[in-house]
Structures are given as C-alpha cells and as structure tokens.
Amino acid sequence: MSALASLALLWRRRYPRAVLGVTTACGMAIAASGFELSVISAGEALVAVYSLGRWVDARTAKVAGPVAAVALVISTCFRHSDAILTGARISLVAGLLVAGLLVAGLLVAGLLVAGLLVAGALAEATRNRADYLAALHARAELAERTREDEARQRVGEERVRIARELHDIVAHHMALAHAQASTAAYLLQSKPEQAQEMLDQLADTTAAALRELEATVGLLREDDSDAPLEPTPGLDQLPELLASFERAGLATTLIVSGASRPLSPGTDLTAYRIIQEALTNVTKHAGTANATVRLVYSRLLLTICVVDDGKAEPVRGEEDSEIAGYGLIGMNERAASVGGHLRAGHRPDGGFEVTTELPLEPQ
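Going by the UniProt record's numbering, the letters in the sequence shown line up with residues 1 to 363, in that order.
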C-alpha cells in the first residue's frame, strides 16, 4: 500500500486532489491491517497536502489536510480498540499500559496533523510568492511595452513638429524670395539701383532661410552640448518679421489691444509661426499688397487676427469653413497643440481672414 501511495505522488501536479485521496486511503488501509504508520506513509501524506495547496489553492489544503489526519487517527484508534478492551479484562495494569501506548500513538498522530498543517501553510506561502513574481513579471512586461509605445508616440509627434517647422520656414522664405526676385527682375532695366537693393535683400532672405533650416534639421541629430543653440522665435521678433514682408512688397499694419504679457515658450512660438504662415499665404495667394495683424490680449486669451483685402471670392471647390492646404492645416495643428483653436475663411466684403485664440496659460 505504501508503494501504491508513493506511485500516486508522480501525478501530484496534475491530479492533486486524487493523489491526496489515494495516500490517505493507503494510510488508513495500513493502519486497519494491523501495521503501524511509518515515516514514509506520513511523508507521503505531507507531500500530497503540500501539492494540493501549491497547485490548487490554500483553502482546500487547509480543510483537506486535517480531514486526512483525522481519518488516519481514527484508523489507528480503531486498530488499538480491541487491545484496550482485552487489556482491561486481563488487569487494570495491562489496560493502562495499552492505553499509554495508544496515547503515544495519538501524540504521533497529533504531530502528523501539525505537519500536515505546516505543509499546507508552506504550500500557501510558495503559491503566493509564485503569484507575486508572476505579477511582477507581467507588470514589468507591461511597463516595457508602455515605454516603447510612448517612445514611438514621442518620435511621431517630434516628426510632425519638425515637419511643421520646415514647412513654415521654407514657405515663408521662399515666398519672400520669389517676391524679391520678381521685383528685382521688373526693376532691372528701368531702376538698376533698386534692383540691386532688392537682390541684396534676396541674398539676406536666402541666408536667413539656410540658418533656420540648419537649426531645425539640427534637432534630428543626437544631443551635442557643443552645438550652438539658436533662439526660438517669438512675438518679440514680430517687428523683424513684418519688416521682412515689407521689404518683399507687402504693406503690413500691426494693432495691439490690451496689456501684453510674457507668453509660455510654446504659445510664443505658436503665435509667431501662425502669423508668419498667414502672411506667407497672403503673399502667395491673396493678390494684394496690404495686410493687417491684430493682437488682442484679454484675461485668459490671446486673439490673433490676420486680415488681407485680396480676392473676395473663394477658389472653386473651396469652402470658407474648410481648412485646406498644408499651411492652414499646420496652423490649425499648432493652435491645437497649445489648447487653442483657429478659424480661416473668406470675408463677405473681400479678403481672407485667419483668427486664432490661444490660451495665455499653457494647456
């Protein structure tokens, strides 16, 4: 019977309940057959209870362990009951001797019960540790996947930001360069001195474009502490921006209402780029030489309005409420990136208007 119980332990992980039942039944059969429970039988019961707690659950092991121990104790008591009664008939001393042996057997059985309880507790501790390590491993994998997703998202956002910067820089300077080159070609025969002045401005425009492109493309390189850092443009450079359009032939008027205040770097750059792109669109599409830039500071918002007096009718297929083209899309994305919004469309009395509302506090 002991060999059968030992053989059953080979399936303790797959069938822990059945294995505990087999080992308990074998122990009871051994006790009922007139043999004393051996250390091997007790060890088999301990391993079975541990396996039940480890591979099923600790609550089942805490209940099944004492039940198995009680069954083994009852089997042992049943085996010695005849000896106690016989000893009592022979003499009181013989009965007491047999009873003492029974008490010793019960103490051994008590130790077995304690051992089974310890086996169940050990199984619970092992199971809890395994679950804890598995949870740690799962959290580590989730954190790693989250970091990778966040890194990919940051790379995508950075690419979009750099694409907007490149578009704004190239579109602005190319529009100015085209206007200056066209004016120089027109004045070359009749007014060569003014043509030369316009060509000098064209050289300055292309040089500025190269500098800004170099600074923007430098963002794609690895960090280099020795690389010179170009200042980020903002509304404090708005007069220079308007002057560059003036030199290209676009008369601009700046109107500021409300108390101006320092802006966050992101909002400052966004405001500058939106004005730059809006004026660039005027030089490219409006067919006019006049534009007005209005800045309105309120308690919570900075409202930017760029208006020209160009074409009164929209292009065929274009709706006033639709933001079309990379320039307008880029302006809309810039405004949204700092918590603002942008509207663009043709005015009923002629011209085109771009209105942006940016929060003065970063969003």
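For glycine and all other residues, C-beta sits at the position ideal for the given N, C-alpha and C.
Residue i - DSSP class collapsed to helix/strand/coil
i	result
Gly345	strand
Ala18	helix
Arg299	coil
Leu188	coil
Glu197	helix
Leu142	helix
Leu360	coil
Ala130	helix
Val354	strand
Thr205	helix
Asp149	helix
Thr288	coil
Val170	helix
Val306	strand
residue 380	The chain is shown only over 1 to 363; residue 380 falls outside these bounds and no answer can be derived.
Arg211	helix
Arg164	helix
Val293	strand
Nearest candidate by alpha-carbon position, reference residue i, set the options
i	options	result
Leu358	Glu277, Ala278, Thr267	Thr267
Ala179	Ala195, Lys191, Leu300	Ala195
His346	Glu333, Val47, Asp309	Asp309
Met331	Thr252, Tyr297, Thr270, Glu193	Thr270
Tyr50	Cys26, Leu20, Ala163	Leu20
Thr252	Thr288, Ser260, Arg261	Thr288
Glu212	Ile162, Tyr132, Val47	Ile162
Val293	His341, Glu246, Arg299	Glu246
Thr24	Trp11, Val67, Tyr15, Gly327	Val67
Asn281	Gly351, Ala336, Thr205	Gly351
Met198	Ala184, Gln189, Lys191, Glu148	Ala184
Pro265	Ser337, Leu254, Gln201	Ser337
His285	Gly327, Ile304, Arg145	Gly327
Residues near residue i in its chain [Cβ-Cβ closer than 7 Å; skip 5 each side]
i	result
Gln276	Asp168, His172, Leu241
Ala208	His173
Ala248	Leu176, Ala179, Gln180, Thr283
Beta-carbon gap between residue i and residue j smaller than 8 Å
i	j	result
Ala291	Leu250	yes
Leu302	Leu360	yes
Val306	Val256	no
Leu263	Leu238	no
Ile274	Arg343	no
Ser244	Tyr297	no
Thr356	Gly340	yes
Cβ shell of residue i (< 8 Å), same chain only, five flanking positions each side left out
i	result
Thr272	The question names Thr, but residue 272 is Tyr in the sequence shown. Result list for Tyr272: Pro233, Gly234, Leu235, Gln237, Leu238, Leu241, in chain order.
Leu300	Pro359, Leu360, Glu361
Val170	Ala209, Leu213
Close Cβ partners of residue i (< 6 Å) along its chain, the five nearest in sequence each way excluded
i	result
Ala151	none
Ala312	With a pLDDT of only 48 at Ala312, under the threshold of 50, the placement of this residue in the model should not be trusted, and no figure is reported.
C-beta neighbour in chain D for residue i, strict 8 Å
i	result
Asp200	Going by chain labels, chain D is absent from the structure shown, which holds only one protein chain.
May I have a chain-ordered list of the beta strand (DSSP E) segments no shorter than 3 residues that lie completely inside the stretch 232 to 283? Whole beta strand (DSSP E) segments, 3+ residues: 251 to 257.
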